[in-house]
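Chemist:
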Amino acid sequence: MYSEKVMDHFMHPRNMGEIENADAVGTVGNAKCGDIMRIFLKIENGIVVDAKFKTFGCGSAIATSSMATEMIIGKSIDEVLQLSNKAVAEALDGLPPQKMHCSLLAEQAVKAALKEYYEKHGLIDDSNRAIFAEAEDHEHDGE
Amino acid sequence: MAQEERKFVYLDNAATTRMRPEVLEAMLPYFTEHYGNPSSLYEVGRDAKKAVELAREKVARAIGAEPSEIVFTGSGSEADNWAIKGVAQALEKKGRHIVTSAIEHHAVLHSVEALAKRGWEVTYVPVDDQGIVDPADVERAIRPDTVLVTIMMANNEIGTVQPVDEIGRICRAKGVWFHTDAVQAAGALPIDMKMLSVDLCSFSAHKIYGPKGVGALYIRKGVRLPVFIDGGGQERKRRAGTENVPGVVGFGRAFELAASEQPANAARLTEIRDAAIARIMGGIPHVRLNGHPTKRLPGNANFSFQFIEGESLLLLLDMYGFACSSGSACTSGSLDPSHVLLAIGLVHEIAHGSLRVTFGKENGLDDIEPLFEALVKVVDRLREMSPLYDEYLKAEGKK
Ligand SMILES: Cc1ncc(COP(=O)(O)O)c(C=O)c1O
Ligand code: FES
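Just so you know, the protein sequences line up as chains Y and A, in that order.
To convert, take the position in the first sequence, counting from 1, and add 450; that gives the working numbering.
To convert, take the position in the second sequence, counting from 1, and add 52; that gives the working numbering.
Next up, the structure:
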């Protein structure tokens with residue numbers, strides 16, 4: 451059912467754990483199946499220098515959490531804000547259709563963490579407001 | 053994961069079983085040597101016909117019924133569909149109310165739901181927190197327009213065994229037909245139609261070391277169901293279609309063996325099951341046993357591991373070579389947790405971490421320790437990843 455990449459990230463998750471004194475933490479629950487993901491970010495000079503995750507969920511939720519942290523480390527926060535669940539799924543060589551919603555968990559958790567950070571540092575402006583609003587909508591309908 | 057650990061252990065005997073060699077041996081001649089159509093007059097046809105009727109006798113004898121009370125079907129699901137939709141059609145004029153339970157197999161639940169869409173009323177009697185139906189609830193649910201009560205003999209997920217003898221007596225006293233799905237009960241519990249007030253009963257061959265795609269419906273003498281499949285004269289004109297001769301032969305052989313071995317099989321599996329439950333509950337914290345401690349199928353154990361999710365659990369167990377199943381939302385396709393686990397009152401989170409282990413003929417006491425060791429590793433690992441476990445530890449730390 452899962453690609454080799456998914457299985458690899460599930461079996462050997464990268465960046466699993468917590469960051470003490472993280473600069474941003476995002477926790478989201480999946481409205482569809484009840485799973486939970488939490489992401490921790492260390493941000494220096496506008497760059498995500500470290501990311502870790504904890505996930506309560508299926509194989510695809512764990513694999514997307516792992517892949518998402520890999521994809522964002524080293525990127526600027528503005529770039530990270532553009533992360534989409536489709537890009538994470540593609541990086542994993544795809545997910546079964548009924549498992550696409552699991553990848554949203556990763557995208558939403560990252561955005562929830564960034565929202566906290568952007569708000570705390572007064573970085574919300576017209577260029578990103580829409581992205582946060584959209585992420586919130588998703589959180590409510592689980593899509 | 054270390055390769056030498058990968059000895060494959062099949063612990064999903066409620067999903068299906070591996071065919072026993074005696075069954076395969078009985079079936080083989082009917083693919084090639086005795087290939088005739090049972091409806092034909094010449095010898096290869098007569099051979100096939102004889103084999104089908106002998107298989108019918110074997111199935112009947114295994115459950116204390118008459119051969120004329122057995123019809124072969126293409127699956128357990130088909131037997132459930134036929135019983136429920138057949139009675140509904142036959143007794144439409146008498147009433148349009150059906151009583152069932154909250155924990156039936158989908159073959160039953162979706163059949164009654166299909167009727168509900170067409171105007172039948174359905175009462176779902178609840179189960180208690182161990183998954184048992186109270187016969188008094190069934191009695192209360194029966195109305196003057198009730199035409200059928202359908203409650204399974206034993207549950208496929210949590211293994212609970214229902215008081216079908218008592219439920220049957222209530223139905224009989226009220227003049228309502230009683231169907232029970234005995235797909236999981238066959239071979240595991242003693243079944244004697246002479247002792248039970250059961251009018252219709254479903255069976256499936258692949259759960260008792262027989263072939264897939266063969267089932268049977270017991271229809272008590274005097275119960276008349278409408279024709280299920282129109283066509284030729286097979287199954288006394290009630291289900292047309294050239295018989296699955298090898299399949300039916302295999303079913304007969306499998307049921308004959310299962311019935312004669314039932315007491316010894318049940319005793320052996322109960323010992324394995326109870327040892328597994330004791331080991332796992334005793335050695336891993338935050339685990340619950342789903343279902344009843346004793347009124348359960350001999351081979352069935354069903355656990356919930358708190359703070360973790362079932363699909364991840366299955367994937368990791370598979371890496372260690374263990375094949376099990378789960379009622380987690382993430383494994384269901386529909387993304388809802390199992391209706392059975394919800395019916396016994398589990399919150400979503402706990403239903404999420406469910407694991408069903410079902411032992412069979414090929415398992416032994418020596419499978420328990422390796423399973424336990426793998427589980428300890430897998431559960432630890434997933435808890436380490438779980439935000440819920442963190443929260444729990446933090447809350448504990450504050451106390
Ligand atoms: C209780 C119960 N009823 C019915 C069925 C369906 O049987 P079959 O697979 O032969 O359609 C099963 C098997 O999954 C079952 O466990
Ligand atoms: S997180 Fe539940 S299905 Fe993937």
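Cβ coordinates follow ideal geometry from the N, Cα and C atoms, glycine included.
Can you check whether the CB of V111 (chain A) is closer than 7 Å to the CB of P90 (chain A)?
Modeler: no
Chemist: Could you check if T514 (chain Y) is buried or exposed, using at least 16 other CB atoms within 10 Å of its CB as the buried criterion?
Modeler: buried
Chemist: Should T202 (chain A) and T152 (chain A) be called a contact, given that it needs their Cβ atoms to be closer than 7 Å?
Modeler: yes
Chemist: Flag S510 (chain Y) as yes when its Cβ comes closer than 6 Å to any non-hydrogen atom of ligand 2, and as no otherwise.
Modeler: Yes, since a heavy atom of ligand 2 falls inside the 6 Å radius drawn around the Cβ of S510 (chain Y).
Chemist: Hey, A403 (chain A) and L394 (chain A) are a contact pair by Cβ (cut 8 Å); roughly how many whole angstroms apart?
Modeler: 6 Å
Chemist: May I have a chain-ordered list of the alpha helix (DSSP H) segments no shorter than 4 residues that lie completely inside the stretch 492-533 of chain Y?
Modeler: Those alpha helix (DSSP H) runs which fall completely within the stretch 492-533 of chain Y and span 4+ residues are 509-522, 527-530.
Chemist: Count Cβ pairs between the stretch 477-489 of chain Y and the stretch 548-565 of chain Y that sit closer than 8 Å; are there 3 or more?
Modeler: Touching, yes, given that three or more Cβ pairs across the two stretches are closer than 8 Å.
Chemist: What does the Cβ neighbour count give for P187 (chain A), buried or exposed, with the cut at 16 atoms within 10 Å?
Modeler: buried
Chemist: Grab me the residues of E421 (chain A)'s own chain with a C-beta within less than 8 Å of its C-beta, minus the 5 sequence neighbours each way, in chain order.
Modeler: R331
Chemist: Mind checking the stretch 472-494 of chain Y against chain A and listing, in chain order, the residues whose C-beta falls within less than 8 Å of any C-beta there?
Modeler: T477, K482, C483, G484, D485, I486, M487, R488
Chemist: Just verifying my parser: in three-state terms, what is the DSSP assignment at T613 (chain Y)?
Modeler: Residue 613 (chain Y) cannot be examined here, being either before or after the span of chain Y that is shown, 451 to 593.
Chemist: Mind checking if M517 (chain Y) is an interface residue toward chain A, Cβ cutoff 7 Å exclusive?
Modeler: no
Chemist: In three-state terms, what does DSSP make of L252 (chain A)?
Modeler: If DSSP states are grouped into helix, strand and coil, L252 (chain A) belongs with the strands.
Chemist: By alpha-carbon positions, which one of A:G335, A:G351, A:L349, A:F357 ends up nearest to L341 (chain A)?
Modeler: A:F357
Chemist: Against chain Y, does E421 (chain A) count as a neighbour if the rule is that its beta carbon must be under 7 Å from one of theirs?
Modeler: no
Chemist: Since I believe L349 (chain A) is in contact with G183 (chain A) (beta carbons under 8 Å), could you give me their beta-carbon distance rounded to a whole number of angstroms?
Modeler: That pair is no contact at about 11 Å.
Chemist: Show which residues of chain Y have a CB atom less than 8 Å away from the CB atom of M371 (chain A).
Modeler: M461
Chemist: Would G379 (chain A) pass as a contact of S390 (chain A) if the rule is Cβ separation under 7 Å?
Modeler: yes
Chemist: So is the beta-carbon of N352 (chain A) under 6 Å away from any non-hydrogen atom of ligand 1?
Modeler: No.
Chemist: Which partner residues of E173 (chain A) appear in the DSSP bridge assignment?
Modeler: A:H149
Chemist: Taking the continuous alpha helix (DSSP H) assigned at S127 (chain A), which residues delimit it?
Modeler: No alpha helix (DSSP H) contains S127 (chain A), which DSSP labels as neither H nor E.
Chemist: For K226 (chain A) and V190 (chain A), I'd like the C-alpha separation in whole angstroms.
Modeler: Their backbone Cα atoms lie some 11 Å apart in a straight line.
Chemist: Taking the alpha carbon of V300 (chain A) as the point to measure from, which residue in A:L80, A:D64, A:T69 has its own alpha carbon closest?
Modeler: A:L80
Chemist: Just list the residues that DSSP pairs H404 (chain A) with in beta bridges.
Modeler: Beta-bridge pairing links H404 (chain A) to no other residue.
Chemist: Have a look at A:P263, A:L269, A:I260 and flag the residue whose alpha-carbon is nearest the alpha-carbon of I252 (chain A).
Modeler: According to the sequence as given, residue 252 (chain A) is Leu; it is not Ile. Of the candidates A:P263, A:L269, A:I260, the one whose C-alpha sits nearest the C-alpha of L252 (chain A) is A:L269.
Chemist: Closest Cβ-Cβ distance between E363 (chain A) and chain Y: below 7 Å?
Modeler: yes
Chemist: What separation, rounded to the nearest whole angstrom, lies between the Cα atoms of E287 (chain A) and V123 (chain A)?
Modeler: 6 Å
Chemist: Compare the C-beta of K455 (chain Y) with all C-beta atoms of chain A and state if any pair is closer than 7 Å.
Modeler: no
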